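Structure first, commentary second.
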Amino acid sequence: MSRLTLLRLPRTKHLQATTTTATLNKSSCRRLPTPLAWRPSAWSKQETVVAVPTLTEYGRRSQSTTGGSSTGGGPAQDARRQGPTTRPSPSLATIFSAAFRSTIQSIRNVARPQTLRDAYRKNPEEMVLALILLTAAAGAGFYAVYLYFNYFYHRQFTRYPPPVAKAMRRALYYSNYNPDPQRALRYYKQALDLCKELGLDPFSDDVMGIRIQLAAWLEQVENYEGAAKVLEALLDDCKRWVQVMEKAVQDGTAPKLASPQPKTLGTPDGKEQQAEADAPPPETLWGKRTRVLGKAVGISVKLGELYANEHVMRQDLAHDSLIWSVDTALKESRRRFSEGLKEGEGEWMSPEAIGGALESLAHSYESKSQFHLAVPLFLQALRLCNDPCHSAVIMNNLASSFAQHPAQAPFQTVATAALIEDLPSPQSVPAADARKAYLETARRWATNANVHAAQTQGEQRTAECDEACVVSLCNLGDIGALLGDADEARRMFERCITMSKSLDFTAGERRAEEGLKSLARQARNRPKSG
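Each residue of the sequence shown is one higher than the one before, starting from 1 at the first, in UniProt numbering.
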C-alpha cells in the first residue's frame, strides 16, 4: 500500500498543517476523495499520513441503477431535478393512533418498577401526592363515562327511534348540562317533528312524555306562560281524542279491540320466550282511553298550579282546571262502580292521585277564602292518603281551615254535616258560640297533627313529619291567641321557635316570632283593670 510521507510538524503549528494539506489538494488534478489523518509510523521517526475512508460533503454521490452514463438523464436524475415529492397528509385516525401509542409507551416507561422506586427515593412526598391525584383523576374519568352511558343510553332514550333519541339527547344536554335555551327548544321541536314524520302514536306515553318534558323545562327556565301553552295544547288533544272515541263507541264505529298475537309454529329459543313473556299485553281501545284520560287529569292539575303561580296569577283559570280534574276523576270512578270494567280497561287513578287532586282544589278554595268549601275536600283527601307524614300535613290544613271558618257559612255542605258531628248548625246557636266551636275543632286537628307526626318513626318518617310538627305548634299558638289563652299561645310559640332552630326551619321560626310580637302588642293594648 502506497503511503504519503510528510515531515512531522509541531503541535503548535496546526495552522501550517492545515495550509499544507490545502496546498496538496490544490496541486492535485482532482479533489482528494478522503481527508488525511495523522498516524505515527512504527519504523520511522517521521509521521505518515494514511487515507481514512470517510466520505465528505464533496465526495457523496448517487449511483444510477439504470446503467446509464454519469451525464445521462435517467429517472433518478429527473426525480432529483423535480425536487422532493410532497407526502400525503396523515388521516385523523392515524394521528390519534400515533398519539395513543405514544401515550401508552410513555405510561409504560413511567410505570416501570425501577423508575417508580427511583422517583420515590428522590421525592417520596411528591410521589405519593402524584399517585393520589392520578387515582382520583382516573376514578373521576371512569365515573363520568359511567354517568354518560347510564343516562344518555338509558331506556328513556333507547325506547325512541334513533333520530328521535339523538334529538332528545341534545335537548336534555342543552337543558341540564350546558344550558342554551334556544338550542334546547330547537331540539325539542325537532324531536316532536321527527315523531310525527316517523308515524309514532301522538297519544303514546313516549310522545306525550316529550311534550310534558318540554313544559317542565319551560317552567324550569321561568317561562311559565310557555309551559302553560304546551300543557293546554296537550290537554285539548287528550280531551278531543276521548270525545271522539266515546262517540265512536256509541255509534258502533269504533275499531275492534286488540287481540293477542297468534303463536307461531315451531319451538322458539329461550331468548324469544323471555321476550314474549316480558312484552306487555296489547292495549285495547278502552285501555288507551283510561291511560289518556288519566294523563289529562294530571295535566289539568298541573295547569291549575301553573295558573295559580305568582308569576301568572290567573286564579279563575286555575280554579276551573282543578274543578275539571276533580270532577272527571270522581265521575270516572262512579261510572266504573255502576257499569263495571270494560275489557282491557285497566285500573283507574290511584287513591293517592285522586286525593292529590282534591287537596289542590281545597287549596284553591282557601285562596278564595272559601274555607267552608275547602274543609270537606281536605277531609276526603285525608281519607285517601296512606302516607303518615303527609296525613299530618293535611291535618294541619284542616286546622287552619277550621280556624278561619266563617261562623255563618253561605250554606252548610253535606260533607261537613256528615263527617263532623261536634259542629253545631248555624241556625241553632249564636255566631259567637259557633265561632268558638270551630276554633276548638281546629285545636283538636292541630293536636292530632302534632301527635301523628311525632309518633311516625323509621323509614316512614320524612322531612314532612318534622315540618308538620313545627306547623302544628305554630297553629296551636295562633288558635290559643284567638281563644284568648295568651299563656298557652306563648308556650306553643316558644316551643315552635326551639324546634325550628333545631331543624333549621327558618319559615317556622319567623312565623312563631311574629306570633310572639302579636301577643306583646295585644298585652300592651289591653286595658288595665281598676
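Glycine is no exception: its CB is placed at the ideal position from the N, C-alpha and C atoms.
Because the structure is a prediction, the values reported are computed rather than measured.
For residue i, the three-state DSSP class (helix, strand or coil)
i: Phe142; result: helix
i: Glu494; result: helix
i: Ala523; result: helix
i: Phe337; result: helix
i: Val312; result: coil
i: Arg443; result: helix
i: residue 537; result: As shown, the chain starts at 1 and ends at 530. That puts residue 537 outside it, with no answer to give.
i: Cys195; result: helix
i: Met499; result: helix
i: Gly304; result: helix
i: Lys436; result: helix
i: Met349; result: coil
i: Arg112; result: coil
i: Trp254; result: At residue 254 the sequence reads Ala, which differs from the Trp that was named. DSSP places Ala254 in coil when its eight states are reduced to three.
i: Val242; result: helix
i: Gly287; result: helix
i: residue 594; result: The structure shown does not extend to residue 594, since the chain is modelled only from 1 through 530, so no value can be given for it.
i: Cys385; result: coil
i: Phe402; result: helix
i: Thr462; result: coil
i: Ser367; result: helix
i: Asn123; result: coil
i: Pro163; result: helix
i: Thr94; result: helix
i: Val221; result: coil
i: Glu488; result: helix
i: Ala508; result: Contrary to the premise, residue 508 reads as Gly rather than Ala in this sequence. Correct three-state label for Gly508: helix.
i: Gly226; result: helix
i: Pro376; result: helix
i: Glu343; result: coil
i: Lys517; result: helix
i: Ala37; result: Residue placement at Ala37 is poorly supported in this model, since its pLDDT is 45, which falls under 50; the coordinates are not used for a value here.
i: Gln457; result: coil
Outcome for residue i when other beta-carbon atoms lying within 10 angstroms are tallied against a minimum of 16
i: Asp466; result: buried
i: Met208; result: buried
i: Ile132; result: exposed
i: Val326; result: buried
i: Tyr174; result: buried
i: Gly515; result: buried
i: Phe378; result: buried
i: Leu198; result: exposed
i: Pro179; result: exposed
i: Tyr365; result: buried
i: Glu459; result: exposed
i: Gly477; result: buried
i: Lys517; result: exposed
i: Gln380; result: buried
For residue j and residue i, believed in contact at Cβ under 8 Å, the rounded distance
i: Leu303; j: Leu200; result: Rounded, the Cβ-Cβ distance is 24 Å, inconsistent with contact.
i: Tyr224; j: His311; result: 5 Å
i: Ala446; j: Cys389; result: Actually they are not in contact, since the Cβ atoms of Ala446 and Cys389 sit about 16 Å apart, beyond 8 Å.
i: Gly344; j: Thr284; result: 3 Å
i: Ala392; j: Val301; result: About 22 Å separates the two Cβ atoms, so there is no contact after all.
i: Leu361; j: Leu322; result: 4 Å
i: Ala329; j: Ile354; result: 5 Å
i: Ala463; j: Leu519; result: About 29 Å; that fails the 8 Å criterion.
i: Ala308; j: Ser367; result: 7 Å
i: Asp206; j: Tyr160; result: 6 Å
Own chain, CB closer than 6 Å to residue i, minus 5 neighbours either side, in chain order
i: Gln404; result: Phe371
i: Tyr438; result: Phe402, His405
i: Thr290; result: Glu345, Gly346
i: Pro351; result: Leu384
i: Ala512; result: Cys474, Phe493, Cys496, Ile497
i: Ala140; result: none
i: Ala119; result: Met127
Residue-level contact to chain D via CB, residue i, 7 Å cutoff
i: Ile299; result: As a matter of chain content, chain D is missing from the structure shown, which is built from one protein chain.
Contact set for residue i: own chain, Cβ-Cβ below 7 Å, skip 5 residues either direction
i: Ala442; result: Ala399, Phe402, Ala403, Ile479
i: Glu332; result: Leu293, Trp348
i: Lys501; result: Glu509
i: Ser106; result: none
i: Ala171; result: Ala184, Tyr187, Tyr188, Ala191
i: Val230; result: Arg211, Leu214, Ala215, Leu218
i: Ala449; result: Ala392, Met395, Asn396, Ala399, Ala468, Ser472
i: Lys295; result: Met208, Cys238
Residue i CB to nearest heavy atom of the ligand MG below 6 Å
i: Met349; result: Among the ligands in the structure shown, none appear at all, so the ligand MG cannot be discussed.
Neighbourhood of residue i by C-beta, 8 Å cutoff - its chain only, sequence neighbours within 5 removed
i: Pro202; result: Cys195, Lys196, Met208, Asp237
i: Phe505; result: Asp466, Glu467, Val470, Met499
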